[in-house]
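Chains as they are written, first to last, in my numbering: chain A, 31 to 601; chain B, 31 to 601.
Okay, structure coming up:
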């Protein structure tokens, strides 16, 4: 029988007596409250004023797990131009440089001062910088023109003009991407979708939402919530990211375990090709077997073959009952056992199964001055969420599951949230890790798909590597503070973070390409959910064969023969 | 309070007393039994001996809902060559005719007598006819060579040779398609996948199955069942159809409501392009954001850009508890109300919501000499299935739902299956319709996606049309016996059947293209789940814009510039 230790006073403890689980708590939510309470909605909005200093990038190429809620509490560091950080990148001389005539054309086309940020005919450096620099403060382009169309027709005319005149284009949604895909590298024109932000329709019966690409994810979810539905995607940046960008990057996030990927949920799509062609595939049908499913190429296409201007998406019924449990475990073997049991016993109500190692939770506590929900130290922690239609049934299932995993000593200790605030506190232990990892100077981040049985070995091997090469230690003499592992257990998606006191080329060299080789040997993916962007373009060969890359290039050339769309990135 | 009428003696009735639902029955299934009992598995196997007679096609171009269990009990009719039924189709003269040297090459390549059916150097008419004629007995090609490769490498060499020599190819799985896509039109070489039938791997934890394209759907599901999982697709032809063909046609079926489409469930795919290139995209990862998701083009590509040779697919946890209820309703408005309530109250456990009109059920009873589960007549019937992890919880949810819909008089009468045999009887009322519709001489079948509120109006308008044009009546003077409507309510997928005593061009003219125009006006789809094949190729313009068709042709030309893959079909 596992010993019961102290628990966070605000949370009722899981207690085991005679192998019977008692006092498992549950929250009861009204459907409307559930909308807000199912997870804390982070209001991440890029503060462009912060992006105007100049220095080394603060983060590695691979991006963060999820965009944290706010900038870490440390001195703002300057962002170098990407062209200076990556001197091997050269501007493609086939692209024309912007002239006053071009700007005049766009101003007439868009017909509104607020639709154009013009750094060609006047000084607009500060205004432009918010669109040039990325959220991670690592990439910074030199764009001198931002266009904000308000209709698909305007997007079409913009692209046609750019294509005819060999002007490079950088499509941009909420600019919350983590691989440098959403900001220009040189002087590409930024086409920002923010003004295309209308919900076009919502069908109460089918749950099908049709909306412009520029609708903020949180707003889309709120809209669905008003009708008792849920947007089938959820991620930390939901307060800023746009649904068009989500689709263009095939965002994964926290609901994928339950609701599946965007390739299944997106029913229709409207996009504009470089030559101005409007791809009118905005179906609101669940089934439509009439020809190749071309829209799929735009899902995860990262704006390299066209700009997504609207989507039609299936929103599932919103669950009135949401429960969250958090527990400590002795080993990764036990994490896997717990996951298998959760899948079996919680089955249709399981909506998240997240894993965090002990180091990740200690780091979170240290960075935030927070107290963890469980006292005592555990090598591993898991957070599970259930969502269902019946509070009593869900609680009973959850209790039976917890009883089993504690009785079998799979889980050492645990708590269950009893109200919305506790639910949010438990989620914060998982979602706060990404921000915490950047808190002490810098972090190299990797977002990887790895077969489940081998998933955690990578963290252990990375740790051994830094222990043996003398780069990791407790004092300031060592660049690496710690190596942490966490992620979406339900999707075999590991976030490996090398937490640093400072950026150091030796650290980077010790990890790359070793980490990609390690993943490739196990037939994993070097980018589970963040995409390729600029950061991972060089490494696609570790996850895709030459044949596949060749076939992808063929598609790129088919749709964008001039190569104007999001150049220097992707494949 | 709705009156309670007689019920099928073998089934316990739903009774309402004081607005309280009593005696709702439930079935309890062990996980292993659930595998077999979740639905009757129809063992449909094409009997080629039956296909050798010659006559008019017995069915219309649009195919059946699901392939029925066996041929109707009526005289076998002859099947005309497609080339004779459709004299406007001409053999493409660019394609070379087969020579003895070609056959010699293939025999050496495949190295086995059983791998080649050679009608070029000898008489093999009877053997070939099973591969030339389709299940619907409507289409019949004139192929003289069938190749049965046993490896992806052999498929690659076959296609490369065909492409180099301008030999047309007809990929073929289980040949259970309903739109003439799986049989040749002229002398295309049939490449049949039946010998590639190995399960390559199954991961217990993730539920990911990797298997050759030629694995029979039923076998794939049985394999998943052994490990407590379920194949995420189910359809009447599961005893014959192959998973490669299912993916190539993007089959929909009965589990789509719950588990979503193949675009979301297929994680990886191996295919061979016409030039012999092996598309090695057989990922077993739930998340992999590294480049364009090219495999999606093969899902629903109907063998026109390559041959699917293997798939990797996510199989959900199998539900130990399965319940089926069947009820009568007064109007289509009430069917919609019942569906909304089922979505809300049964939510995560709802696995099917099927609608049948009164005429469809009467036809089923008449054709099968069967007694319907509910006595008395109802204008509409619904079948709902729940699948979940906890029998008690599911029954409670179902009872609460039934109590509500009966108390509110949404539903007039109903029964719940209490054991496996009852469950199968109830499913038979839905699944037996397709076969019944062909029982009385002929049937024109349409498989349509229509927005839910308007879905049933089409049936009513079609009925009015035949009533007013004098083609429908009770005596043998009228070619049309009845018009019936049924289908997957949960997917807005209507099967409209014009039940005939005989085929009559006047009937066809009264329906086509009117039905396609009607659907197009409501932004529906002229093929929800059956695909295009030969039958619907001329009508794609009703569901897709010229731009979309143009973009599709571009993809076809990219992958199959010589046009050798499944010619005369699709787009």
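For glycine and all other residues, C-beta sits at the position ideal for the given N, C-alpha and C.
- Flagged as an interface residue toward chain B: residue 378/A, by a C-beta distance shorter than 8 Å.
- Out of 265/A, 171/A, 148/A, the CA that lies nearest to the CA of residue 206/A is found in 265/A.
- Between residue 561/B and residue 481/B a beta carbon distance of about 21 Å is seen, past the 8 Å cut, so the two are scored as non-contacting.
- Residue 419/B and residue 584/A do not touch by the CB rule: their CB atoms are close to 45 Å apart, not below 8 Å.
- In this structure, DSSP gives residue 540/A a helical state, which the three-state scheme calls helix.
- Annotated three-state conformation of residue 569/A is helix, per DSSP.
- Residue range 286–289 is occupied by the alpha helix (DSSP H) that includes residue 288/A.
- Bridge partners of residue 342/A according to DSSP: 240/A, 298/A.
- The beta carbon of residue 544/A lies closer than 8 Å to those of 495 in the same chain, with the five residues before and after it left out.
- Residue pairing by DSSP places residue 383/A opposite 414/A in a beta bridge.
- Secondary structure note for residue 463/B: its alpha helix (DSSP H) is the uninterrupted segment 463–467.
- Under the three-state reduction of DSSP output, residue 598/A falls in the coil class, being neither helix nor strand.
- Between residue 171/A and residue 215/A, the gap from beta carbon to beta carbon is short of 8 Å.
- Residue 370/A: member of the alpha helix (DSSP H) spanning 362–376, first to last residue.
- Interface annotation, residue 559/A: in contact with chain B, CB-CB separation under 8 Å.
- With fewer than 16 other Cβ atoms inside 10 Å of its own Cβ, residue 406/A counts as exposed.
- Interface criterion met: the Cβ of residue 419/B is under 8 Å from a Cβ in chain A.
- The three-state secondary structure of residue 230/B, taken from DSSP, is strand.
- Across the structure, residue 247/B and residue 527/A are spaced so that their CA atoms are roughly 42 Å apart.
- Residue 530/B: member of the beta strand (DSSP E) spanning 523–530, first to last residue.
- Counting C-beta pairs with one atom in each stretch, the segment 566–575 of chain A and the segment 334–345 of chain B have fewer than three that are closer than 8 Å, which means they do not touch.
- Chain B places a beta carbon closer than 8 Å to that of residue 581/A, counting this residue as a contact.
- Closest option to residue 383/B, judged by alpha-carbon separation, among 428/B, 345/B, 392/B, 422/B: 428/B.
- At a Cβ-Cβ threshold of 8 Å, residue 199/A and residue 208/A do not count as neighbours.
- Pairing residue 289/B with residue 461/B, the inter-Cα distance amounts to about 20 Å.
- Under the three-state reduction of DSSP, residue 501/B is assigned to coil, being neither helix nor strand.
- A straight-line Cα-Cα distance of about 51 Å links residue 148/A and residue 378/B.
- Residue 518/B is bridged by DSSP to 384/B, 523/B.
- Residue 194/B sits in a helix when the DSSP states are folded into three classes.
- A check of alpha carbon separations from residue 255/B across 227/B, 350/B, 503/B identifies 350/B as the nearest.
- Interface criterion met: the Cβ of residue 322/B is under 8 Å from a Cβ in chain A.
- Against residue 601/A, the close residues of chain B are 320, 321, 322, in the order they occur along the chain (beta-carbon pairs closer than 9 Å).
- Rounded to whole angstroms, residue 138/A and residue 191/A show a C-alpha spacing of 13 Å.
- Rounded to the nearest whole angstrom, the C-alpha separation of residue 500/A and residue 313/B is 37 Å.
- Residue state for residue 263/A is assigned as coil, using DSSP reduced to three classes.
- When the Cα atoms are used, residue 226/B and residue 510/A turn out to be separated by approximately 51 Å.
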